[in-house]
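For the sequence shown, the working numbering gives the first residue as 25, with consecutive numbering after it. What follows is a single structure, written as structure tokens, with notes after it.
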Amino acid sequence: MNFRHLFASLSFLGTEALHTPIGSSPFRSRISRISALTANSITSVPSTSLRRRPYSLSLKSKEKMADSNFVNATEKGDIPTFDGSEKAKATDFANYFCSYAQLYHQKQMLADHNRMAAYHSAIMGNADAFKDKVVMDVGTGSGILAVWAAQAGAKRVYAVEYTNMASHARSLMEANGVADIVTVIQGAVEDIELPFEEHNLQPESDSEDSKYQVVDIIISEWMGYFLLRESMLDSLIRARDKFLKPKTGLMFPSHTTMYLSPIHDEEERKISNHEYGGAMNEWSEFVESTKSVYGVNMGVLAKDYEREQKEYYLLSSRWAELPANAVLATPAMVKQLDMCTCTLADSKGLFSGDPNTEFDFEVVSDDNPGAIISGYAGWFTADFKSRTDEEGKGAPLLSNPAFLSTGPENGYTHWGQQVFHLLSSIPLIQGETTRLQGSLEMTRSKENARLYNCRIRYSSTRRKAGESKDGKVLMKGGVVEHVYQIP
Ligand code: SAH
């Protein structure tokens, strides 16, 4: 799924936002930049509420930052669909769910052919696994995955959807002749009950604790930008733990992986820098004219304005559809999730101490002629394959595994890649290899448990091409650290 930047909060946006094409560098305009997921309250215009401070700090202040601004400080860190107050739920609806209630947005996802092809072949290519099974579609939206599950031979499909899109899903079931198999349930998957007695559903074991575990397969399209954004994984995990048969149940997708790579994206990086410079020049003019025309000196606010603009133009990740050759080194796997065993803690982000969050990239100039290191890009892949966890040893095997990549090698998906531009790019020198060593952390933002910040810390060294990693270092850069918000 994923909007992921469009028309979430239509109440305060013009219709212009509705028609920003999803693949057209959506973060170029301020309208689309503030549109998705950003409001902290229904009524406030959110453009400033989620801005972070730019961080170029001494070690002491870095430590302070870790406690206050970077590490998740959301109330319990949970999304409101679980245990949230009515007010928190209403805010979450306004910020997050309301866009999913629009067919316009569902269509954006339905028109993503890479996404559709992967789910279609995962379900229809494994019809033997669906035959006579009980399936749950977590977040059915328009209902497409539930229709496929029924067409693949499931005996009962529960299609759960929080928004009023549920009524469109019901129409779709009728029109496609599967209404007798698919039961659309409107509600948060965290709250709903299944009519398991009426449908005579049997759990895997007779213990009282497992009486709800009657589902053979959970299908869901829950992934956000850079996998975790939107935090819908929380809902999926809660649904899995409550409803899926623990030993024989299958998750579609079954595994997901997050990647990070240094990239060349100089043109876009320069545009952002240029826009930032323009905004600051305009500020100077504004201060002068306010003083001369209205007699008030606004100069005291310069630093705060600068910080705000820097966060907006330079320290926010950007949606991109990068060409394959933008990738400058072997991508690092920064997180791997087994959907049968991952936990709510996994969904909270990527934390220092996990060795996967550390990267060590080798950028060979001769492999990338003319390239410049402009930043890092993050994306994810999803596998639909047999279970690999110990408890699932006896689960049915999938005869036709399927795969979805949102990486630059695979062409357009509506997720694209998230690009984190460097404030100063790193030119490659012919005949030399640049090594980037560092780490990526990702945590939920303080104001909104569906949003994340990424902290990227790295240092670069150069050595002659062909020299081994511990060969002579020709140049060593200092440690650079930035915190970016994923808007
Ligand atoms: N399955 C559809 C839609 C995916 S978008 C498709 O593949 O095209 C994800 C959907 O999940 C949205 O429609 C959203 O409203 C719904 N959703 C998100 N969290 C939910 C929750 N906790 N309970 C029920 N529905 C949820």
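Where a beta carbon is used, it is the ideal one built from N, C-alpha and C, also for glycine. Just so it is clear, the structure is predicted and the values come from calculations on it, not from any experiment.
Secondary structure remark: continuous beta strand (DSSP E) runs of at least 3 residues inside the stretch 220-269, in chain order: 241-244.
The DSSP assignment places 426-429, 441-451, 456-468 as complete runs of the beta strand (DSSP E) inside the stretch 413-471, in order along the chain (cut-off: 3 residues). With a threshold of 16 other beta carbon atoms within 10 Å, residue 336 meets it and is buried. Listed as beta-bridge partners of residue 331 by DSSP are no residues whatsoever. In chain order, 166, 167, 168, 171 place their CB closer than 8 Å to the CB of residue 196, counting only its own chain and leaving out the 5 sequence neighbours on each side. Looking at the DSSP output, residue 399 bridges to 287, 445.
Secondary structure note for residue 197: its alpha helix (DSSP H) is the uninterrupted segment 189-199.
Cβ-Cβ distances below 6 Å link residue 186 to 121, 212 in the same chain, with the five nearest sequence neighbours on each side left out; the list follows chain order.
Bounds of the beta strand (DSSP E) holding residue 362 are 356-362. Taking all protein chains in view, the Cβ of residue 248 is crowded by 16 or more other Cβ atoms within 10 Å, so the residue is classified as buried. Residue 130: member of the alpha helix (DSSP H) spanning 127-134, first to last residue. Counting along the chain, the unbroken alpha helix (DSSP H) around residue 146 starts and ends at 137-148. Remark: three or more beta-carbon pairs, one from each stretch, lie closer than 8 Å, so the stretch 410-426 and the stretch 267-281 are flagged as touching. At a Cβ-Cβ threshold of 9 Å, residue 351 and residue 286 count as neighbours. At a threshold of 8 Å, residue 256 counts as near the ligand SAH, since its beta carbon sits closer than that to one of the ligand's heavy atoms. Residue 498 places its beta carbon less than 9 Å from that of residue 456. Here the alpha carbon of residue 201 sits roughly 26 Å from the alpha carbon of residue 226. The shortest C-alpha to C-alpha distance from residue 339 to any of 323, 399, 324 is the one to 399.
Across the set 237, 104, 411, 309, the C-alpha of 104 shows the shortest separation from the C-alpha of residue 256. About 6 Å separates the CB atoms of residue 465 and residue 374; that is less than 8 Å, so the two are in contact.
The stretch 470-497 contains, as complete beta strand (DSSP E) runs of 3+ residues, the segments 476-488 (chain order). With fewer than 16 neighbouring CB atoms inside 10 Å of its own CB, residue 367 falls in the exposed class.
Taking 8 Å as the upper bound for CB-CB distance, residue 129 and residue 180 are not in contact here, some 28 Å apart. Residue 169 has its Cβ nearer than 8 Å to a heavy atom of the ligand SAH. In this structure, the straight-line span from the alpha carbon of residue 349 to that of residue 260 is close to 35 Å. DSSP places residue 173 within a helical segment (H, G or I) once states are collapsed to three. In this structure, residue 284 and residue 174 do not form a Cβ contact; the two beta carbons are roughly 38 Å apart against a cut-off of 8 Å. Between the C-alpha atoms of residue 443 and residue 380 there is a straight-line separation of about 19 Å. Collapsing the DSSP output to three states places residue 106 in coil. Relative to the ligand SAH, residue 214 has its C-beta within less than 8 Å of a heavy atom. Where residue 391 is concerned, there is no enclosing alpha helix (DSSP H), because DSSP gives it neither an H nor an E. Straight-line spacing of the CA atoms in residue 281 and residue 446 works out to 24 Å. For residue 105, the shortest separation between its Cβ and any heavy atom of the ligand SAH lies below 8 Å. The residue among 268, 409, 246, 215 with its C-alpha nearest the C-alpha of residue 235 is 268. Excluding the 5 residues flanking it on each side, residue 239 has same chain C-beta neighbours closer than 6 Å at 158, 160, 267, 268, in chain order. Residue range 368-371 is occupied by the alpha helix (DSSP H) that includes residue 368.
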